[in-house]
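Here numbering that gives the first Met the number 0 is used: the first residue of the sequence shown is 0, the next is one more, and so on. Written below as structure tokens is the structure these notes are about.
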Amino acid sequence: MARQSIILTVGVVTLLGCGGGEVDDSPASAPGADMQTDAAASAPTPADWISVDAAARTATVTLVAAETDANNRWNFNGHANGEATVVVPVGYTVTINFENRDPVHYHSAGVLAKAASYPPIFDEATPVFDGAITSNATSMSEATAPGGGTGSFTFVASEAGEYSLVSLVPANAVTGMWIGLEVSASGDSGLRD
């Protein structure tokens, strides 16, 4: 019974300590202000590795595996675990120029459906868009070679939605080697992180 009283007292003191004080009636605290701030914060920003040509309706992404040491080099342009999203407009022809700077491991890239997590081994490697995958993407010895190997693929981003750029080599995606890919119906482009 004494323990319950202590817990109740701590809870009341915590609630009282959080309340009180003056009311903030500034415009930033008005209803809906958080939604405006969130929308502005989530707008994609330019990135030097993403270029878009609106007249030609094309986008080119230079995707680099192991660009930094983040996530033990299992990253794309320094991002892993879906912490960044490449944004391209719907209907554009997208070219992914892929380079593997990892000194030891093979890596790959493919456009897959967005998921909360990915398996350690992919039974099949079917990209969401036709052609949206590097060659031999699931092979530990024939995917894009370490030490500067390159590859590229081109596809039409024909359907708006949220997808992922994933390395399909065994153990890559499950350890976080994936980032988001958004095909934007509004025509937005850039990087959202």
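All residues carry an ideal CB built from backbone N, CA and C; glycine is no exception. All values derive from a computational prediction rather than experimental measurement.
In the DSSP assignment, the beta strand (DSSP E) including residue i goes from what residue to what residue?
i: Pro88; result: Thr84 to Pro88
i: Phe152; result: Gly148 to Val155
i: Glu161; result: Gly160 to Val165
i: Thr57; result: Thr57 to Ala64
i: Ile49; result: Ile49 to Asp52
i: Trp73; result: Trp73 -> no beta strand (DSSP E), and no H or E assigned at all.
i: Ser134; result: Unbroken run through Ser134: none, as it is neither H nor E.
i: Gly179; result: Trp177 to Ser183
i: Gly186; result: First-last for Gly186: undefined, no H or E at that position.
Applying the criterion that 16 or more other CB atoms from any shown protein chain within 10 Å of the CB defines a buried residue, is residue i buried or exposed?
i: Asp101; result: buried
i: Thr133; result: buried
i: Pro88; result: buried
i: Glu181; result: buried
i: Gly186; result: exposed
i: Val165; result: buried
i: Asn74; result: buried
Looking at the structure shown, is residue i part of a helix, part of a strand, or coil, going by DSSP?
i: Val103; result: coil
i: Asn96; result: strand
i: Ala172; result: helix
i: Ala112; result: strand
i: Met34; result: Unreliable positioning characterises Met34 in this predicted model, as indicated by a pLDDT of 38, which lies under 50. A coordinate reading is not provided.
i: Gly19; result: Note that Gly19 scores 38 on pLDDT, short of 50, meaning its location in the model is unreliable; the coordinates nonetheless yield the value given after this. Looking at Gly19 - three-state DSSP - the assignment turns out to be coil, as it is neither helix nor strand.
Please look up how many angstroms separate the CB atoms of residue i and residue j, rounded, as I've assumed it's under 8 angstroms.
i: Pro119; j: Ala170; result: 5 angstroms
i: Leu167; j: Gly109; result: 5 angstroms
i: Thr59; j: Asn96; result: 7 angstroms
Residue j and residue i - do their beta-carbons sit closer together than 8 angstroms?
i: Gly205; j: Thr84; result: Outside the displayed span of the chain (0 to 192) sits residue 205, for which this structure offers no information.
i: Ala124; j: Ser163; result: no
Contact criterion: CB-CB distance below 8 angstroms. Does residue i meet it with respect to chain D?
i: Asp68; result: Of the protein chains in the structure, only one exists, and it is not chain D.
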